[in-house]
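Report on one structure; see the data block that follows.
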Amino acid sequence: MTKLKELSSIIASLNEDEVKTLQRYLHCFDTINDNHEPKSERLLNLLIHDNQMELKLFEKKFTKQAFSMLIMRLHEKVMDTLTFDINIKRIDVYSDLTVARLSVRKKINYVQVLMAKNQILEAINLHTKTLQTAKEYEFFDEALTIMYELQNLYAVLSKKVEFDALDSEIEKYEDIRTQVKSAFRIYNRITMEMGMAPEDSKLLENLENTLPKLRSFYQNSNSAQAGWFYYRLLIEFHQAKQNYAQGYSACLKLLKLQQENPSIRSEVYMGITYKLMSKFSMFLYQFDDALLASLKSQNLDKRLKRNQDLSKETEFFANFFKGDFAEARFIMQDLAERYENDENSFNYSKFNYYAACCSLLEGNTREVANRLNETKEIEKDKDGWNIAVRILSIINQIEGEDFDLADSRIESMRKHIERTLKEKEIRPRFVTILRILRDLVNSSFDFEQIWLTRQSYFEQLSSETEESQRWKILSPELIRFEVWFESKATGISYNKLLNAKFEGKRLETELLKAV
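Under our numbering, the first residue of the sequence shown carries the number 883, and numbering increases by one thereafter.
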């Protein structure tokens, strides 16, 4: 990236107030006799409006070296204004944690100026006050920098008592910093490796072996930052092991730690914790809790669009499984519209599929068909989403009593699975569902007969212990096939049957907690 492009990118990131501050700052360099637009301001305005043609004409007025110097001067002035208190303390731009860190670092620089002016007592006073903030927010590097400089100043003034007192404190904070940095490196390495190869079983074993060391760092340092690294990886471990009750409990402990310690109490971090809580609540079938945590996450973490979308998805799931299909559909329609200009987007396809599931349970089979026409991108996932879309389409044709088309699509699904099995593994659950559907066709769609004669298949699909066959709540199969089939066979509503299963799982969870 050239220096001009880098400068242009920075300027594009400024909000309206930051631009106004920058413009006022540039005017400080005007001379009384200036009757024309200063060169730096002219360049700034061209970059703000992204006027490429005018920019090229402006550039031709300079030698290459002179234009390069102009860019560098404007770049420096932009960076200067971004560190002004008026910009640093904009609550809509930076978190409290970032504001505190920037403020501490600025004050450390102030002390350098005071020392150069031989204002030693003023330097000590400012360092002493700044040190309290650095400790409160666990800025260990800055805190130690201040302590060493204070010790130097005490030596100049021959203040032995104060000098010696700092010795033990420096030793303590050096030890804490070492342990927190070690925890930080471990956390970064594991999260990086898990991101690169999430299916690698050795990573989970490595994580399990590493957790005691992280816990030791946290307990010995008593640092909230070390606690953050420990609990985040503990939560990852419980999620991977499907220890959902323990994972939720770890989230509660992390949330308490965040609420009590400003060093990890940023809105983004707390939004992440609530997002994790909402996900564990879904796994525990606690949909009201999931909904509340999801809304809190969205309210706190507004800066990262991806996090917002993930929390919005959990809000959808909570409403969907609570049986509020209209609200769930509204959420998905809203998300799909955001991605409508990018029809090749995986998210656009996925959100339309979710909306189709809602429409089916609302009895709107035509809307289901329309939505499924917009799921091309997820259908590229031949062994997962593609089959889920096919099953939903078949269910929709059966609900609309178009049995000939349902028959045709069941046969198409059979051929697709046979072709895909030559290259990839297909989840056995899908194969069992296909067997039931083919038997259903052979019985002329007699649900009651197949329900009675193929109970072994339905027991497999209802299993909670057989990993390859059991239903997963946040999988593409939103409409649980065996429950839908039982509803058709018995005449009991789908929602009533599903809620009964959820209630059974909730009771199991409560018993586990009690034990």
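C-beta atoms are modelled at their ideal positions from N, C-alpha and C, and glycine is treated no differently.
Treat the numbers as computed from the prediction; the structure is a model and nothing was measured.
- Rounded to whole angstroms, the gap between the alpha carbons of Val1043 and Pro920 is 56 Å.
- Comparing alpha carbon positions, the residue from Lys1011, Ile1002 and Glu900 closest to Arg972 is Glu900.
- Contact annotation: Glu1142 and Leu1182 have beta-carbon atoms that are not nearer than 7 Å.
- Around the beta carbon of Ala1200, 16 or more other beta carbons lie within 10 angstroms, which makes this residue buried.
- Counted as a single uninterrupted DSSP element, the alpha helix (DSSP H) harbouring Gly1077 occupies residues Lys1042 to Met1078.
- Scanning Ile1002, Leu1008 and Leu979 for the CA closest to the CA of Lys989 turns up Leu1008.
- For the stretch 1187–1234, there is no continuous beta strand (DSSP E) assignment of 3+ residues that stays within its boundaries.
- Under the 8 Å Cβ criterion, the stretch 888–902 counts as touching the stretch 956–968, having at least three qualifying pairs.
- Assigned with DSSP and collapsed to three states, Trp1366 falls in helix.
- Collapsing the DSSP output to three states places Ser1338 in a helix.
- Taking all protein chains in view, the Cβ of Ser1176 is crowded by 16 or more other Cβ atoms within 10 Å, so the residue is classified as buried.
- Exposed is the label assigned to Ser1375, since fewer than 16 other Cβ atoms lie within 10 Å of its Cβ.
- For Val975, there is no enclosing alpha helix (DSSP H), as DSSP gives it neither H nor E.
- Membership of Leu925 in the alpha helix (DSSP H) is indicated by the continuous run Lys921 to Ile930.
- Listed in chain order, the alpha helix (DSSP H) runs fully inside the stretch 1230–1300 are 1247–1254 and 1267–1281, counting runs of at least 4 residues.
- Where Phe1327 is concerned, there is no enclosing alpha helix (DSSP H), because DSSP gives it neither an H nor an E.
- Of the residues Asp1286, Thr1302 and Asn1246, the one whose Cα lies closest to the Cα of Lys1262 is Thr1302.
- Per DSSP, Gly1129 is one residue of the alpha helix (DSSP H) stretching across Tyr1126 to Glu1142.
- In the DSSP assignment, Tyr1167 falls outside any alpha helix (DSSP H) and carries neither an H nor an E.
- From the listed residues Asp1328, Gly1386, Asn1246 and Pro1358, the smallest Cα separation to Ser1344 is found for Gly1386.
- The alpha-carbon of Ser1098 is positioned some 46 Å away from that of Ile1269.
- Nearest to Asp1206 by alpha-carbon distance, out of Gln1215, Tyr1230, Asp1171 and Glu1244, is Glu1244.
- A residue is called buried when at least 16 other Cβ atoms come within 10 angstroms of its Cβ; Arg1211 meets this threshold and is buried.
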